[in-house]
Amino acid sequence: MEGNQAPEFTETAHLTTETETSPPAPPAPLSIKFLLAITPLILASFYVSFLGPTVFVWDFKSSLLLRSSSSIVQGGGGVRVAPPPSASVDFVSPVKKDVSANVSTVTSSPSAAIESREKASVEINEAIALRRYTKLERLELGLQMARTAIRDAKRGNQTDLTEDKDYVPTGPMYWHHKAFHRSYLEMEKQLRIYIYDEGEPPLFHTGPCQGILATEGYFINQLEMDTRFVTRDPEKAQLFFLSFSVTYMARYVYVRDNHHWRAMKHTIRDYVRVISDKYPYWNRSLGADHFMLACHDWGPKLSLWVPNLYNNSIRALCNANTSERFIPSKDVSIPEINLPSGDLKGLVGGPPPSEREILAFFAGGGDHGPIRPILLKHWENKDKDMEVHQYLPKGVDYYQMMRRAKFCLCPSGYEVASPRVGEALHTGCVPVLLSSAYTAPFSDVLNWNAFSVTVPVEDIPNLKNILTSISTKRYLTLQRRGVQIRRHFVVNFPPKRYDMYHMILHSIWLRRLNVRINEEDHQAE
1 MEGNQAPEFT ETAHLTTETE TSPPAPPAPL SIKFLLAITP LILASFYVSF LGPTVFVWDF
61 KSSLLLRSSS SIVQGGGGVR VAPPPSASVD FVSPVKKDVS ANVSTVTSSP SAAIESREKA
121 SVEINEAIAL RRYTKLERLE LGLQMARTAI RDAKRGNQTD LTEDKDYVPT GPMYWHHKAF
181 HRSYLEMEKQ LRIYIYDEGE PPLFHTGPCQ GILATEGYFI NQLEMDTRFV TRDPEKAQLF
241 FLSFSVTYMA RYVYVRDNHH WRAMKHTIRD YVRVISDKYP YWNRSLGADH FMLACHDWGP
301 KLSLWVPNLY NNSIRALCNA NTSERFIPSK DVSIPEINLP SGDLKGLVGG PPPSEREILA
361 FFAGGGDHGP IRPILLKHWE NKDKDMEVHQ YLPKGVDYYQ MMRRAKFCLC PSGYEVASPR
421 VGEALHTGCV PVLLSSAYTA PFSDVLNWNA FSVTVPVEDI PNLKNILTSI STKRYLTLQR
481 RGVQIRRHFV VNFPPKRYDM YHMILHSIWL RRLNVRINEE DHQAE
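Each step along the sequence shown adds one to the number in UniProt numbering, with nothing skipped, and position 88 is 88.
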């Protein structure tokens, strides 16, 4: 717009000079005088509208995500995050760079979501449209169109969402089901991810596919094989995946005898240094359009070794503990799914509520974190309605007990995540979250209060009274809704729409929508 205005002001000044030196002209009509008087105001309004904030705050969900109106900017090298809608012109927080180590400390974290301040259609000034856009600018324009479409869906301005033949999200299990549906469709239409080739298995490009940490390996392996969302051209990518496995680093690199983390830390730091030296994309955003994924408890701690990775990048983590620097507005909470044999065959499904005679069930070791000992102390073998065990009796099947229970207790272990959350949903049992500082998976779109129960740790002694106070009608509603959203926690081979793999991608996609990357050197391709 600036290039459009300067000639107008110059021409106006030139015409004014000619008027002063030419013979007096007849008085101008009142309407012309009025038009001349308001013209500067009109030009100023256009100037502010085009040069105002170019990034957005989008209230995609409710207050579950803690966000601050002061969380304005993230990254460096042209990365911006939405200022509040009331902000005036332009806000950029300073970034402290350590070029030698390719690290930075950013003064603020990004806001939770994005709301477009622009109109439904993206208006492009004619003068700007004449120049050729860079590839990055075209990517960002597409993302802006996605923001606008999601905003319109949230406001009820779109009527074609029921055309999805596979699944139409609806109900109070979603914060905004129309916005989620539109966002998911936009992700399918636009999302492209580039995976760096650097690194060799087993530390890179693969991960564990069995056991309680299988989410990590399942996602890495599926993304490596993905031909829909993965591109071989980094210029077409909105996101870049750091394909390392923290679980395999803990298995193959960690020195157990002296409990030394140094080798793991250097592995991640050297990897980021290699890709930042070889490619321009990490330095362009200081990692803000890059993401890692880890289900191992050490994932969050290892990311701190590269401050840009912690401060800027999207971290998809099972250990989504806000007391350990998990940032819900930037990071992604993913489910910890236990795959004993590498899949969920025979583990999904359960009897109707009328056939569930146990009030609550839990079985697990008591030396795993601070919450389980409290649960076992108050309820182990204390009440026939509360099946709480450190060790199951011989011949009793764990999954059959979950299928017999109305409520499944999901206490945190050493870290906040628990595979019991997914197991409860798989078997039709209502999850009871016993934890603190835990951000539940996919809580950017899912309203966990609609299909689960949360009990503070200090209320564990009163747990039975809390559960029995839930009316039959309320319990049936919670159970039915849990079954309805179960598809989001199911692992499929190959992945299916709206399953766990795609929900993880969608949460990462939402975080990418929350930043806009600007090239410092706008040279057309």
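For every residue, glycine included, the Cβ atom is placed at its ideal position computed from N, Cα and C.
Whose C-beta lies closer than 8 Å to the C-beta of residue 378 among residues of the same chain, with five residues either side of it excluded?
Walking along the sequence shown from the start, residue 378 turns up at place 378. Around residue 378: 460, 461 and 463.
In whole angstroms, give me the CA-to-CA distance for residue 263 and residue 384.
Translated into positions along the sequence shown, residue 263 becomes position 263. Translated into positions along the sequence shown, residue 384 becomes position 384. The alpha-carbon atoms of residue 263 and residue 384 are separated by roughly 50 Å.
Might you give, ordered along the chain, the residues of its own chain that have their beta carbon closer than 7 Å to the beta carbon of residue 450, omitting 5 neighbours on each side?
Along the sequence shown, read from residue 1 onward, the residue named residue 450 stands at position 450. Answer for residue 450: 172, 173 and 481, listed in chain order.
Residue range of the beta strand (DSSP E) that includes residue 173:
Within the sequence shown, residue 173 is the residue found at index 173, counting from 1. First-last for residue 173: undefined, no H or E at that position.
Own chain, CB closer than 7 Å to residue 419, minus 5 neighbours either side, in chain order
Your numbering for residue 419 matches position 419 in the sequence shown. Closer than 7 Å at the Cβ level, and outside the excluded window around residue 419, lie 212, 336, 337 and 338.
Check this for me: beta carbons of residue 434 and residue 375, under 8 Å apart or not?
Within the sequence shown, numbered from 1, the residue matching residue 434 stands at position 434. Within the sequence shown, numbered from 1, the residue matching residue 375 stands at position 375. Closer than 8 Å, so yes.
Consult DSSP for residue 439 and reduce its assignment to one of helix, strand or coil.
As a first step, residue 439 must be located in the sequence shown, where it is residue number 439. The answer is coil: DSSP assigns residue 439 none of H, G, I, E or B.
Taking C-beta to C-beta, are residue 178 and residue 153 nearer than 8 Å?
Your numbering for residue 178 matches position 178 in the sequence shown. Your numbering for residue 153 matches position 153 in the sequence shown. Their beta carbons are under 8 Å apart, which means residue 178 touches residue 153 by this criterion.
Among 432, 285, 147 and 249, nearest to residue 299 - alpha-carbon criterion:
Working through the sequence shown from its first residue, we reach residue 299 at position 299. Of the candidates 432, 285, 147 and 249, the one whose C-alpha sits nearest the C-alpha of residue 299 is 249.
Among 329, 135 and 176, which one has its Cα closest to the Cα of residue 151?
Here the question's residue 151 lines up with position 151 in the sequence shown. Cα-wise, what sits closest to residue 151 is 176.
Measure from the alpha carbon of residue 137 to the alpha carbon of each residue in 170, 191 and 236, then state which is nearest.
For this step, residue 137 is matched to residue 137 along the sequence shown. If we check each option's Cα against that of residue 137, 236 comes out closest.
Cα separation between residue 183 and residue 168?
To locate residue 183, count along the sequence shown from 1; it is residue 183. To locate residue 168, count along the sequence shown from 1; it is residue 168. Distance between residue 183 and residue 168, taken at the CA atoms: about 12 Å.
Expressed to the nearest angstrom, what Euclidean distance is found between the alpha-carbon atoms of residue 507 and residue 478?
Position 507 of the sequence shown, counted from the first residue, corresponds to residue 507. Position 478 of the sequence shown, counted from the first residue, corresponds to residue 478. Rounded to the nearest angstrom, the two C-alpha atoms are 24 Å apart.
Thinking C-beta only, is residue 431 closer than 8 Å to residue 452?
Here residue 452 is taken as the residue at index 452 of the sequence shown, counted from 1. Here residue 431 is taken as the residue at index 431 of the sequence shown, counted from 1. Cβ atoms of residue 452 and residue 431: closer than 8 Å.
May I have the straight-line CA-CA distance separating residue 238 from residue 290, to the nearest angstrom?
Taking the first residue of the sequence shown as 1, we reach residue 238 at position 238. Taking the first residue of the sequence shown as 1, we reach residue 290 at position 290. Approximately 9 Å between the Cα atoms of the pair.
Could you tell me if residue 141 is buried or exposed, where buried requires 16 or more neighbouring beta carbons within 10 angstroms of its beta carbon?
Taking the first residue of the sequence shown as position 1, residue 141 is located at position 141. Result: exposed.
Do residue 320 and residue 515 have their CB atoms nearer than 8 Å?
Counting from 1 along the sequence shown, the entry for residue 320 is found at position 320. Counting from 1 along the sequence shown, the entry for residue 515 is found at position 515. Between residue 320 and residue 515, the C-beta spacing is not below 8 Å.
Kindly indicate which three-state DSSP category residue 296 falls into: helix, strand or coil?
Along the sequence shown, read from residue 1 onward, the residue named residue 296 stands at position 296. DSSP places residue 296 in coil when its eight states are reduced to three.
Residue 237 - partner residues in DSSP beta bridges:
Counted from its first residue, the sequence shown places residue 237 at position 237. According to DSSP, residue 237 bridges with nothing at all.
Would you mind working out which of 439, 398 and 454 sits nearest residue 340, comparing C-alpha positions?
By 1-based counting over the sequence shown, the position of residue 340 is 340. It is 398.
Let me confirm a value: residue 232 is counted as buried when at least 16 other C-beta atoms fall within 10 Å, else exposed. Which label applies?
For this step, residue 232 is matched to residue 232 along the sequence shown. Label assigned to residue 232: exposed.
Among 252, 483 and 283, which one has its Cα closest to the Cα of residue 448?
As a position in the sequence shown, residue 448 is number 448, starting the count at 1. Minimum Cα distance to residue 448 is reached at 483.
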